[in-house]
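Read the sequence shown against UniProt numbering and you will find it ends at 209, with the numbers running on by one and no gaps.
Glycine included, each C-beta is placed from N, C-alpha and C at the ideal position.
Since we're looking at a predicted model, the values are computed, not measured.
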Amino acid sequence: MPGRGIEPANKVRDTFLKFFREKDQKMKRVCDTQKFIRAAAVCVAAAIIETHRMKSKAMSILKEFEENCATPIGKLRQVADAMTAEMHAGLAASEGEGGSKLKMLNSYVENLPTGDEHGLFYALDLGGTNFRVLRVQLGGRDGRVVKQEFTEVSIPPALMTSATSSQLIDFIGKELARFIATEGEGFFLPPGTRTELGFTFSFPVKMWW
């Protein structure tokens with residue numbers, strides 16, 4: 001009979017030992033997790049600090065490079081003044097030759113757009129192998145470009161090599177008239193005005209006024 005009292009006591013002891021072992025293992029896992037989190041946080045912080053240090057170093061190098069390469073304001077003004085003087089000398093020379101290091105040709109443009117223009121305008125841009133005709137409806141400073149259309153025309157090789165200037169201009173005039181004839185809705189001239197055409201070149205041209 002005395003042996004029967006010992007067995008329950010042993011079971012209780014074993015149960016307590018098992019409970020404390022499991023709890024100890026759980027606490028150990030929690031501690032390991034906390035250590036891992038702290039280590040990860042330290043690594044992230046170190047990476048951020050290193051990235052910031054490298055970025056600061058790179059910005060410092062770029063700043064130094066920018067300062068060493070920067071042209072002083074005084075030097076820029078000297079360059080601008082020299083270019084202005086050469087341009088005036090080129091324009092003042094007879095036929096635009098021999099008076100300047102910069103080749104200059106009179107354009108005879110007497111005024112520039114103000115941004116207040118209203119109405120329908122045409123433009124012709126002559127290049128080396130083709131030209132483009134554009135029409136644009138302007139609405140002034142508030143409306144800006146209301147509508148625009150353009151067409152591009154290839155210049156026949158014969159007109160570029162063996163034709164006279166009159167033949168080339170005649171060809172351009174016919175293509176321009178054909179484009180004007182396609183003018184549709186959305187384009188109109190204000191009362192009392194006439195159609196104006198701007199002419200631009202992609203190469204130097206001597207003009208007579």
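Cα-Cα separation between residue i and residue j, rounded to whole angstroms
i      : j      : result
Ala85  : Ser100 : 9 Å
Lys55  : Met83  : 41 Å
Gln148 : Leu62  : 45 Å
Ser107 : Met87  : 13 Å
Val109 : Thr71  : 33 Å
Ala47  : Glu66  : 28 Å
Pro156 : Ser60  : 58 Å
Gly96  : Arg178 : Because the pLDDT at Gly96 is just 49, under 50, the model does not fix this residue reliably, and the value given afterwards should be weighed accordingly. Roughly 36 Å separates the two Cα atoms.
Ala45  : Glu64  : 29 Å
Arg38  : Glu50  : 18 Å
Pro191 : Gly140 : 16 Å
Asn68  : Lys35  : 49 Å
Gly3   : Ala40  : Low confidence applies here, because Gly3 scores a pLDDT of 47, under 50, leaving its location unreliable; read the following figure in that light. Their Cα atoms are separated by approximately 56 Å.
Ser162 : Gln78  : 46 Å
Exposure of residue i, with buried meaning 16 or more beta-carbon neighbours within 10 Å
i      : result
Leu76  : exposed
Arg135 : buried
Gly74  : exposed
Ser202 : exposed
Leu138 : buried
Met1   : Because Met1 sits at a pLDDT of 48, beneath the cut-off of 50, its placement in the model cannot be relied upon, and the point is left open.
Of the listed residues the options, nearest to residue i (C-alpha basis)
i      : options                        : result
Leu105 : Asp116, Glu117, Ala92, Asn111  : Ala92
Gly198 : Glu152, Thr164, Leu124         : Leu124
Glu185 : Gln78, Arg53, Val79, Val146    : Val146
Gly143 : His118, Gln167, Val133, Tyr122 : His118
Phe150 : Val133, Leu189, Ala158, Lys57  : Val133
Chain C within 8 Å of residue i, Cβ atoms only
i     : result
Ala40 : Among the chains of the structure shown, chain C does not appear; only one protein chain is present.
Rounded Cβ spacing between residue i and residue j (contact assumed at less than 8 Å)
i           : j      : result
Gly90       : Lys103 : 7 Å
residue 210 : Leu120 : Outside the shown range of the chain, which is 1 to 209, sits residue 210, and nothing can be said about it.
Phe131      : Ile172 : 6 Å
Ser154      : Thr129 : 7 Å
Leu159      : Leu168 : 5 Å
Range covered by the alpha helix (DSSP H) that runs through residue i
i           : result
residue 210 : With the chain running from 1 to 209 in the structure shown, residue 210 is simply not present.
Leu112      : Neither: Leu112 is in no alpha helix (DSSP H) and is coded neither H nor E.
Thr195      : No alpha helix (DSSP H) holds Thr195; DSSP gives it neither H nor E.
Met160      : 157-161
Run of the beta strand (DSSP E) containing residue i, from where it starts to where it stops
i      : result
Gly139 : 130-139
Leu126 : 118-126
Phe179 : No beta strand (DSSP E) contains Phe179, which is instead part of the alpha helix (DSSP H) from 165-180.
Glu183 : Neither: Glu183 is in no beta strand (DSSP E) and is coded neither H nor E.
Ser154 : 145-154
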